[in-house]
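Q: Can you keep this structure in mind? I'll have questions shortly.
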Amino acid sequence: MQQYQETLHRHYGQCLEVEELLFDGRSDHQDLVIFHNPLFGRVLALDGAIQTTEKDEFIYHEMLTHVPVLAHGAVKKALVVGVGDGGIIRELTRHQAIEEIVAVEIDQAVIDMCLEYLPNHSAGSLDDPRVRLVIDDGLKFLAETTETFDVIITDSTDPVGPAETLFTEKFYALCRARLNDGGILATQNGVPFMQPEELTNTAERLAPHFPGWHFYHAAVPTYVGGSMAFGWGALDPESRRVPLDELERRFAASGLKTRYYNPAIHQAAFALPQYMLELIGR
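Pasting the structure below:
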């Protein structure tokens, strides 16, 4: 029986049965593997790390998208840094009030492979007329653009290789500069139990630029080692404390049909375990 051994963490990893290998190659930026697993369906791995699976992708994509959008409450223009499999774009396009989505991706090959082998992730959303796809480095795009956004979402790999610059203070400062009043930055931030320094470093780098910096979290089965953390950089500190009745009103008005996200989960996700609070000095 063929198996895929994840190599993200030292001393610990997960092993997934490969029922069928669909793609194994290298783009201009990273190693890319797509295979079918009997439990999780199709699986995407980049540079030895599991990125997404058909079975549980909805948790990650719903939480990284709907939490900032519904906390903001009036998003008209959004930026996504790291298009990848297109799941974030899919969830953003479900918000009919959003008028424009700029989607920046450094690696066209990842988009192409996911469109071919994981089409349900993007579900046709990249063809939405509100979406503008830009093939570019995210840091470079932010440094050069004059556009501003209500929400910026960073759907990146871990802070190595192509995504390393997306975890720097320079990147967070550029995001701050490109956000409108009341704007929110939400980022993928790893599994703190396995990657504690990633949480600590992000906290230190967000704090100088966002008065409402914090983290929230969700448990995604294929991201082993505990809850996945999401970085939170808000210009309004109260944006993470939206009352439950207001979140329920916004959620109902959005018409969203979700499988994981709901207003109570939204609110609870900002309550961090003590070890995470200690890692960020709170």
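Using this note's numbering, read the sequence shown as starting at 12 and increasing by one per residue. Ideal Cβ positions, reconstructed from N, Cα and C, are used throughout, including at glycine. None of these values were measured; they are calculated from a predicted model.
1) Could you tell me which residues DSSP pairs with residue 195 in its beta bridges?
2) Assuming contact is defined by CB atoms lying nearer than 8 Å, are residue 190 and residue 160 in contact in what I supplied?
3) In the structure shown, what three-state DSSP assignment does residue 233 receive?
4) Buried or exposed, going by whether 16 or more other CB atoms sit within 10 Å of the CB of residue 203?
5) Across which residues does DSSP place residue 239 in a beta bridge pair?
6) Given a cut-off of 8 Å on the beta-carbon distance, is the pair residue 250 and residue 292 in contact?
7) Is it buried or exposed for residue 50, if we count other Cβ within 10 angstroms and need 16 for buried?
8) If residue 63 and residue 98 are in contact, beta carbons under 8 Å, what's the gap, nearest whole angstrom?
9) How many Å lie between residue 39 and residue 152 at the Cα?
10) In or out: residue 36 buried (at least 16 other Cβ within 10 Å) or exposed?
11) Relative to the C-alpha of residue 349, which candidate in 81, 286, 199 and 185 has its C-alpha closest?
12) For my contact list, residue 163 and residue 231 are in at a C-beta cut-off of 8 Å; report their separation, rounded to the angstrom.
13) On the criterion of 16 or more Cβ atoms from any shown chain inside 10 Å, does residue 26 qualify as buried, or is it exposed?
14) Considering just the uninterrupted stretch of the beta strand (DSSP E) at residue 83, what are its terminal residues?
15) According to DSSP, residue 112 sits in a beta bridge with which residue or residues?
16) Using 8 Å as the threshold, is the C-beta distance between residue 121 and residue 143 below it?
17) Can you tell me where the alpha helix (DSSP H) with residue 121 in it begins and where it stops?
18) If we call anything under 8 Å between Cβ atoms a contact, is residue 287 one with residue 210?
19) Three-state secondary structure (DSSP) at residue 47?
20) Can you say whether residue 32 is buried or exposed, counting buried as having 16 or more other CB atoms within 10 angstroms of its CB?
21) Using only the alpha-carbon positions, how far apart do residue 156 and residue 214 sit?
22) Please report the distance separating the alpha-carbon of residue 180 from that of residue 221.
23) If you draw a straight line from the C-alpha of residue 235 to the C-alpha of residue 175, how long is it?
24) Within a Cβ cutoff of 7 Å, which residues of the same chain sit near residue 248, ignoring the five residues on either side of it in sequence?
25) Between 74, 29 and 75, which has its C-alpha nearest residue 55's C-alpha?
26) Just curious, the beta strand (DSSP E) that residue 37 is in, first and last residue?
27) Below 8 Å, how does it come out for the stretch 65-85 and the stretch 238-245: are there three or more Cβ pairs, yes or no?
28) Please report the Cβ distance between residue 72 and residue 101, rounded to the nearest whole angstrom; I am assuming they are in contact, meaning their Cβ atoms lie under 8 Å.
A: Well, looking at it:
1) 162 and 245
2) yes
3) Three-state DSSP puts residue 233 in coil, outside helix and strand.
4) buried
5) 229
6) No; because the gap between Cβ atoms is not below 8 Å, this pair is not in contact.
7) exposed
8) 7 Å
9) It is roughly 19 Å from the alpha-carbon of residue 39 to the alpha-carbon of residue 152.
10) exposed
11) Residue 349 is absent from the structure shown; the chain starts at 12 and stops at 293.
12) Between residue 231 and residue 163 the Cβ distance is about 21 Å, and since that is not below 8 Å, they are no contact.
13) Of the residues assessed, residue 26 falls on the exposed side of the cut-off, its CB having fewer than 16 other CB atoms within 10 angstroms.
14) Run containing residue 83: none in the beta strand (DSSP E); it sits in the alpha helix (DSSP H), 68-83.
15) 89 and 142
16) no
17) 119-128
18) yes
19) DSSP places residue 47 in strand when its eight states are reduced to three.
20) exposed
21) 25 Å
22) 11 Å
23) Those two C-alpha atoms are separated by around 21 Å.
24) 222 and 223
25) 29
26) 31-37
27) yes
28) About 7 Å separates the Cβ atoms of residue 72 and residue 101, confirming a contact at the 8 Å cut-off.
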